[in-house]
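Trainee: Below is one structure. I have some questions about it.
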Amino acid sequence: MSIFSLIESLQKNKRFSETIANHKYIHPLEPKYMRLDLNEKLRDVLSGQGIRLFYSHQVEAIDLIRQGENVVVMTPTASGKSLIYNIPVIESIMENPETTALYIFPLKGLEQDQVKNLNELCDKIGISPPFNSPLGKGGHRGVGTKSPLRCAEVYDGDTTAYRRGKIRAAFQKGLTGETEFPPRINVIFTNPDMLHLAINPFHAKWEGFFKNLKYVVVDEIHTLRGVFGSNVAHVLRRLRRICNYRGSNPQFIACSATI
């Protein structure tokens, strides 16, 4: 049944017809595309996923990010917001393998989907497994890990203590020389509460991460309002202070489909 048939059946149904206040069909807008200059390998991978054209808002936002600007993106659902920050992040990692990014997601479902998509993209491009980091025992990244550490990792309340330690160690070993081939993690996915409780207060254990932090992505910013939003604002201010102390000045990219 098409959406038009469903609406027609509801209009004819005595139970529902009286509750319908108005019905209006809004014609779809024609998409506006623009040219986006991309690294050849990245372009080929995206093309293989069926992404050959880019919306005008994607190109405009990516160009601003490339220029070093902080950006807020407010476009409808399924308008390609994730590409707006994933493309500059991947480009930066390809240029400098030590580049790091922090993705802050308030909803776990979105977080898990995004980390999966980003890792698949990194795998196809060839930046995961990491630069200068051979596979460990059993094909795992790093020696002695129970499961592979990926280019992007989730660090939240569901992350086991064992894996949290491995993730933190990835940013410590490269500095202390504890091992010649530390696993390379470039992107950390977390939420505002975990950032406040488990990352900011222990920034000494994340020195390599904060030192190379180039991007902070904050998704679903419409949820950051009221008392919760005020609290998150202070958490982000503390994050900026830590970055300044560690010698980095990350760009902020915020997104919402609801504002």
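Numbering (this note's numbering) for the sequence shown: 163 to 421.
Even glycine gets a Cβ: it sits at the ideal position worked out from N, Cα and C.
Do you know offhand how far residue 201's Cα is from residue 253's?
Mentor: 8 Å
Trainee: Using beta carbons (cut-off 8 Å, strictly below), is residue 218 in contact with chain D?
Mentor: No chain D is present in this structure, which holds just one protein chain.
Trainee: Under a Cβ-count criterion, where at least 16 other Cβ atoms within 10 Å of its own Cβ denotes burial, should residue 320 be classed as buried or exposed?
Mentor: exposed
Trainee: If the criterion is Cβ atoms closer than 8 Å, does the pair residue 413 and residue 376 meet it?
Mentor: With a cutoff of 8 Å on beta-carbon distance, residue 413 and residue 376 are scored as near each other.
Trainee: Below 8 Å on the Cβ atoms is my contact criterion, and I expect residue 312 with residue 281 to pass it. Report the Cβ-Cβ distance as a whole number of Å.
Mentor: 5 Å
Trainee: Between which two residues does the alpha helix (DSSP H) carrying residue 418 extend?
Mentor: First-last for residue 418: 413-418, but that is the beta strand (DSSP E), not the alpha helix (DSSP H).
Trainee: Less than 8 Å between the CB atoms is what I'm expecting for residue 256 and residue 221, so what's the real figure, rounded?
Mentor: In fact, because the Cβ distance is near 19 Å, the residues do not count as touching under 8 Å.
Trainee: Which residue from 407, 205, 166, 177 puts its Cα closest to that of residue 186?
Mentor: 166
Trainee: CB residue 417 to CB residue 381, shorter than 8 Å?
Mentor: yes
Trainee: Using a Cβ distance threshold of 8 Å, determine whether the stretch 214-229 contacts the stretch 239-247, with at least three qualifying pairs required.
Mentor: yes
Trainee: In terms of residues, what are the limits of the beta strand (DSSP E) holding residue 407?
Mentor: From DSSP, residue 407 is part of no beta strand (DSSP E) but of the alpha helix (DSSP H) over 388-408.
Trainee: Just confirm the distance between the C-beta atoms of residue 347 and residue 361, as a whole number of angstroms; I'd bet it's less than 8 Å.
Mentor: Actually they do not touch by this definition, with Cβ atoms about 13 Å apart.
Trainee: What is the DSSP secondary structure of residue 315, counted as helix, strand or coil?
Mentor: In the three-state reduction of the DSSP assignment, residue 315 falls in the strand class.
Trainee: Measuring alpha carbon to alpha carbon, tell me which residue in 270, 289, 284, 279 is nearest residue 317.
Mentor: 270
Trainee: Classify residue 273 as buried or exposed, calling it buried when 16 or more other Cβ atoms lie within 10 Å of its own Cβ.
Mentor: buried
Trainee: What separation, rounded to the nearest whole angstrom, lies between the Cα atoms of residue 192 and residue 421?
Mentor: 22 Å
Trainee: In or out: residue 383 buried (at least 16 other Cβ within 10 Å) or exposed?
Mentor: So residue 383 counts as buried.
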